[in-house]
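This report refers to the structure that appears directly beneath it.
In my numbering, the protein residues as written are 22 to 151.
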């Protein structure tokens, strides 16, 4: 499922596939329960943390950041479904493809460290003012 996809339509489509696979001539039995839906991977771009991270990224790397999708199986989804805002970021690149280009580059790791350092310093300074 992608962010733009309607979650109810996606579940209905998935159920249709399961029903097709479980016809009498196929030995497939399943039990599907969908407990809840939550948009845990949709943090507002107006969120203070997002604004700060984007600004710091720009200051450190002198270029705009690229947003990449992540899978919803991260621990952050469990936290975010309780309305705790989460931002996940790291050394991924737009051109990375899962399973055939999952390694990271040393310069990305170095830049990531600089972004973390600048972010922590920014939030520490903010706390000192308050």
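Every residue, glycine too, gets a C-beta built ideally from N, C-alpha and C.
Apply the 10 Å Cβ neighbour rule to residue i and answer buried if 16 or more other Cβ atoms are within range, or exposed otherwise.
i	result
residue 78	buried
residue 136	buried
residue 33	exposed
Classify residue i as helix, strand or coil using the three-state DSSP reduction.
i	result
residue 134	helix
residue 49	coil
residue 37	helix
residue 66	coil
residue 110	coil
residue 96	helix
residue 32	helix
residue 125	coil
residue 83	coil
Please report the distance separating the alpha-carbon of residue i from that of residue j.
i	j	result
residue 82	residue 42	50 angstroms
residue 140	residue 108	13 angstroms
residue 36	residue 145	49 angstroms
residue 100	residue 74	20 angstroms
residue 70	residue 127	26 angstroms
residue 87	residue 114	8 angstroms
residue 47	residue 68	49 angstroms
residue 26	residue 66	19 angstroms
Short of 6 angstroms in beta carbon distance, which residues of its chain neighbour residue i, apart from the five on each side in sequence? Order them along the chain.
i	result
residue 112	125, 129, 130 and 133
residue 97	107 and 109
Closer than 8 angstroms by C-beta to residue i: which residues in its own chain qualify, once you throw out the five before and the five after it? Chain order, please.
i	result
residue 53	35, 36 and 39
residue 55	32
residue 49	39, 42 and 43
residue 30	none
Does any CB atom of chain B fall closer than 8 angstroms to the CB of residue i?
i	result
residue 50	Any reference to chain B falls outside this structure, which holds one protein chain only.
In its own chain, which residues sit with a C-beta less than 7 angstroms from the C-beta of residue i, not counting the 5 before and 5 after it?
i	result
residue 51	39 and 43
residue 64	71, 106, 107 and 108
residue 85	79
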